[in-house]
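Taken in sequence, the protein lines are chains A and B. Numbered according to the working numbering, the first sequence spans residues 1 to 206. Numbered according to the working numbering, the second sequence spans residues 1001 to 1206. Positions of the beta carbon are idealized from the N, C-alpha and C atoms, including for glycine. A short worksheet on the structure shown next.
Number of protein chains: 2
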Amino acid sequence: MANDANGRPAPGSRGRGRRPAEEVRAEVLHAVGELLLTEGTAQLTFERVARVSGVSKTTLYKWWPSKGALALDGYFHAVEDTLAFPDTGDVRADLLAQLRAFTHVMTRTPGGRILTELIGAAQTDADLATAYRQLYSAQRRALAAERLRHARELGQIRPDVDVQVLVDQLWGAVYHRLLIPDEPVDDAFVTALVTNLLDGVCPRPA
Amino acid sequence: MANDANGRPAPGSRGRGRRPAEEVRAEVLHAVGELLLTEGTAQLTFERVARVSGVSKTTLYKWWPSKGALALDGYFHAVEDTLAFPDTGDVRADLLAQLRAFTHVMTRTPGGRILTELIGAAQTDADLATAYRQLYSAQRRALAAERLRHARELGQIRPDVDVQVLVDQLWGAVYHRLLIPDEPVDDAFVTALVTNLLDGVCPRPA
């Protein structure tokens, strides 16, 4: 984009409908998210996204070097609101609510298959593995950790607890059942995850 | 094999070194395990296993319909002793010991890569997913659950706890970090997994 010294678009650069890059980018991600959540990854191609969004393939490739990167960025933005981490001040209720929303997306929408296939492919594709962490999992982890740290500050979680380990024992445990489906991902499972971890599974001293 | 009515090998059927099928099978699995733990899955082919074990490819294919099935069965047997679930009567010490052995195999031997690549491929290969569950994960889950149920019987775990959920919150949490390596699999992680789950992360009432 041709900007002047103050970062404003230079006169005329918005002619012929030219829009700020961030706006175009957000529209592409929105289109990708819609495609993914209605049709899954199989139908997602740069051709199709270029056609739907009106953005050239060259620009798309400049922003997202692979289909995996495009899918992950689109998926992250598509589920951002649905999978937000509520903070009502009650960590138990909030974890249950978030994990129920999460397992709903993972078992009742194409979300589960999108992520398990990307995680699967990432095991033998180092670029995809990096994209997965940078564009999806590290950001989801950071949002979960932020909510858990707040509970720790309020004294609802012991001060010595590493909140990152809780991410693996809650959401990681769900991913385990999704990736290796020996046992069901149902509401009893979600409830047990939270109860076990907050209260411990040893008998409480009387 | 030609057996008589009592299931004993018929006279002469052991000529030319013919051995009981179970013995041959065990030898093949041993050879596969050795190959896997020294070289990983890339070098594992039916050709090579036939050569090393002296068993025909036809027989190998009859017993294991795919390379994945052969690898999973061989791997399960190769790690069976190393990854046994100790039972000293102290569930906390035993879980720590087993999880340390497990994370050692997963991070310091080809074991981690073997399993993460098989789990990865299983996301888009239904036959491999079935083989994975039947020949590996369901059996490992059963062994872990047996140990945990014993602790529950002894009153070391609350009676209302579903031990299968604990499998996901301990070993499943490790798989999560192996498959999506945002955070390290180290001893602090293993210790935290056990402490969090047995004691809970909420502050204990004074």
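> Going straight from the alpha carbon of G111 (chain A) to that of Y136 (chain A), what length do you get?
Replying inline: Taking the first residue of the first sequence as 1, we reach residue 111 (chain A) at position 111. Taking the first residue of the first sequence as 1, we reach residue 136 (chain A) at position 136. Rounded to whole angstroms, G111 (chain A) to Y136 (chain A) spans 13 Å at the Cα level.
>> At 3 residues or longer, what runs of the beta strand (DSSP E) sit wholly inside the segment 1004–1081 of chain B?
In response: none
> Considering I157 (chain A), what are the terminal residues of the alpha helix (DSSP H) in which it resides?
Replying inline: Position 157 of the first sequence holds residue 157 (chain A). Segment: none, I157 (chain A) is in no alpha helix (DSSP H) and carries neither H nor E.
> Which residue from A:V28, A:R158 and A:F85 puts its Cα closest to that of K62 (chain A)?
Replying inline: On the first sequence, position 62 is the one that residue 62 (chain A) refers to. Out of A:V28, A:R158 and A:F85, A:V28 has the C-alpha closest to the C-alpha of K62 (chain A).
> Can you find a CB in chain A that lies within less than 9 Å of the CB of Y1075 (chain B)?
Replying inline: Working through the second sequence from its first residue, we reach residue 1075 (chain B) at position 75. Not an interface residue.
> Given that D1199 (chain B) touches chain A, what residues does it touch there, using C-beta distances under 7 Å?
Replying inline: Taking the first residue of the second sequence as 1, we reach residue 1199 (chain B) at position 199. In chain order: G200 and C202.
>> Helix, strand or coil for T191 (chain A)? Go by DSSP, reduced to three states.
In response: By 1-based counting over the first sequence, the position of residue 191 (chain A) is 191. DSSP places T191 (chain A) in helix when its eight states are reduced to three.
>> Contact between the segment 1063–1076 of chain B and the segment 1092–1108 of chain B is defined here as three or more beta-carbon pairs at a separation below 8 Å; is this criterion met?
In response: no
> If you run the structure through DSSP and keep just helix, strand and coil, what is M1001 (chain B)?
Replying inline: In the second sequence, counting from the first residue as 1, residue 1001 (chain B) sits at position 1. For M1001 (chain B), the predicted model reports a pLDDT of 39, less than 50, meaning its position is unreliable; a value from the coordinates is still stated below. Residue state, collapsed to three classes: coil.
>> Quick check: is the beta carbon of G172 (chain A) nearer than 9 Å to any beta carbon in chain B?
In response: Taking the first residue of the first sequence as position 1, residue 172 (chain A) is located at position 172. So yes, G172 (chain A) belongs to the interface.
> G1089 (chain B) and Y1132 (chain B): beta carbons closer than 9 Å?
Replying inline: The count along the second sequence starts at 1 and reaches residue 1089 (chain B) at position 89. The count along the second sequence starts at 1 and reaches residue 1132 (chain B) at position 132. Their beta carbons are not under 9 Å apart, which means G1089 (chain B) does not touch Y1132 (chain B) by this criterion.
> How would you list, in chain order, the residues of chain A whose beta-carbon sits under 9 Å from the beta-carbon of R1108 (chain B)?
Replying inline: Taking the first residue of the second sequence as position 1, residue 1108 (chain B) is located at position 108. What R1108 (chain B) touches in chain A: nothing, since even the nearest Cβ is about 18 Å away.
> Can the beta-carbon of V1174 (chain B) be found less than 9 Å from the beta-carbon of V1190 (chain B)?
Replying inline: Looking up residue 1174 (chain B) in the second sequence gives position 174. Looking up residue 1190 (chain B) in the second sequence gives position 190. Taking 9 Å as the Cβ cut-off, V1174 (chain B) and V1190 (chain B) qualify as a contacting pair.
> Counting Cβ pairs, one atom from each stretch, are 3 or more of them under 8 Å apart for the segment 138–153 of chain A and the segment 1152–1168 of chain B?
Replying inline: no
> Quick one: does T116 (chain A) have its CB under 9 Å from some CB of chain B?
Replying inline: Walking along the first sequence from the start, residue 116 (chain A) turns up at place 116. It does; some Cβ of chain B falls within 9 Å.
>> Does any residue of chain B have a CB that is nearer than 9 Å to the CB of E166 (chain A)?
In response: Against the first sequence, residue 166 (chain A) aligns to sequence position 166. With the sequence shown as reference, residue 166 (chain A) is identified as Leu, and Glu is not the correct amino acid for it. Yes, because at least one Cβ of chain B sits closer than 9 Å to the Cβ of L166 (chain A).
>> At the level of alpha carbons, what is the spacing between P65 (chain A) and P203 (chain A)?
In response: Position 65 of the first sequence, counting from 1, holds the residue named residue 65 (chain A). Position 203 of the first sequence, counting from 1, holds the residue named residue 203 (chain A). Approximately 52 Å, taken between the alpha carbons.
> Using the beta-carbon of each residue, which ones in chain B are nearer than 7 Å to Y175 (chain A)?
Replying inline: Numbered from 1 along the first sequence, position 175 holds the residue referred to as residue 175 (chain A). The answer, in chain order, is H1176.
>> Counting only Cβ pairs nearer than 9 Å, list the residues of chain A close to F1189 (chain B).
In response: On the second sequence, position 189 is the one that residue 1189 (chain B) refers to. Going along chain A in sequence order, the residues near F1189 (chain B) (Cβ under 9 Å) are D162, Q164, V165 and D168.
> What does E1146 (chain B) reach in chain A if we use C-beta pairs closer than 8 Å?
Replying inline: Working through the second sequence from its first residue, we reach residue 1146 (chain B) at position 146. Going along chain A, no residue has its Cβ under 8 Å from E1146 (chain B), so there is no contact; the nearest lies around 15 Å.
> In the structure shown, what three-state DSSP assignment does D94 (chain A) receive?
Replying inline: Here residue 94 (chain A) refers to the residue found at position 94 when the first sequence is read from its first residue. Three-state DSSP puts D94 (chain A) in a helix.
> First and last residue of the alpha helix (DSSP H) that includes D1186 (chain B)?
Replying inline: The count along the second sequence starts at 1 and reaches residue 1186 (chain B) at position 186. Careful: D1186 (chain B) lies outside any alpha helix (DSSP H) and carries neither H nor E.
>> Let me make sure I understand the geometry here. Which of B:D1094, B:T1107, B:L1095 and B:E1183 has the alpha-carbon closest to that of A138 (chain A)?
In response: Your numbering for residue 138 (chain A) matches position 138 in the first sequence. Answer by Cα proximity: B:E1183.
> Secondary structure at I1119 (chain B), three-state DSSP: helix, strand or coil?
Replying inline: Looking up residue 1119 (chain B) in the second sequence gives position 119. Reduced to three states, the DSSP call for I1119 (chain B) is helix.
> For D182 (chain A), which three-state DSSP category applies?
Replying inline: Here residue 182 (chain A) is taken as the residue at index 182 of the first sequence, counted from 1. Three-state result, D182 (chain A): coil.
>> Closest to R25 (chain A) by C-alpha separation, out of A:H150, A:L36, A:N196 and A:V55, would be which residue?
In response: As a first step, residue 25 (chain A) is located in the first sequence; it is residue number 25 there, counting from the start. Answer by Cα proximity: A:V55.
> In chain E, which residues lie with their C-beta within 9 Å of the C-beta of T58 (chain A)?
Replying inline: The chain labelled as chain E is not found among the protein chains of the depicted structure, namely A and B.
>> Tell me which residues share the same chain as R1113 (chain B) and place their Cβ nearer than 7 Å to its Cβ, disregarding the 5 neighbours each side in the sequence.
In response: Here residue 1113 (chain B) refers to the residue found at position 113 when the second sequence is read from its first residue. Hits under 7 Å: G1040.
> For R963 (chain B) versus L1037 (chain B), is the C-beta distance shorter than 9 Å?
Replying inline: Given a span of 1001 to 1206 for chain B in the structure shown, any question on residue 963 (chain B) remains unanswerable.
> For A42 (chain A), which residues in chain B fall below 8 Å Cβ to Cβ?
Replying inline: As a position in the first sequence, residue 42 (chain A) is number 42, starting the count at 1. Those within 8 Å of A42 (chain A) in chain B number zero; the least Cβ separation is about 11 Å.
> Where does the unbroken alpha helix (DSSP H) through V165 (chain A) begin, and where does it stop?
Replying inline: Taking the first residue of the first sequence as 1, we reach residue 165 (chain A) at position 165. Unbroken alpha helix (DSSP H) run through V165 (chain A): V163 to V167.
> Given P86 (chain A), which residues of its chain have a CB within under 6 Å of its CB, disregarding the five upstream and five downstream residues?
Replying inline: The sequence position of residue 86 (chain A) within the first sequence is 86, counting from 1. Same-chain partners within the cutoff: D94 and A97.
>> Along the chain, where does the alpha helix (DSSP H) containing A1129 (chain B) start, and where does it finish?
In response: Position 129 of the second sequence, counting from 1, holds the residue named residue 1129 (chain B). A1126 to Y1132 is the span of the alpha helix (DSSP H), which, as asked, contains A1129 (chain B).
> Can you tell me the Cα-Cα spacing of T1130 (chain B) and V1161 (chain B), whole angstroms?
Replying inline: Translated into positions along the second sequence, residue 1130 (chain B) becomes position 130. Translated into positions along the second sequence, residue 1161 (chain B) becomes position 161. Taking the straight line from one Cα to the other gives about 28 Å.
> Per DSSP, what kind of secondary structure is A1101 (chain B) in: helix, strand or coil?
Replying inline: Taking the second sequence and counting its residues from 1, one reaches residue 1101 (chain B) at position 101. DSSP places A1101 (chain B) in helix when its eight states are reduced to three.
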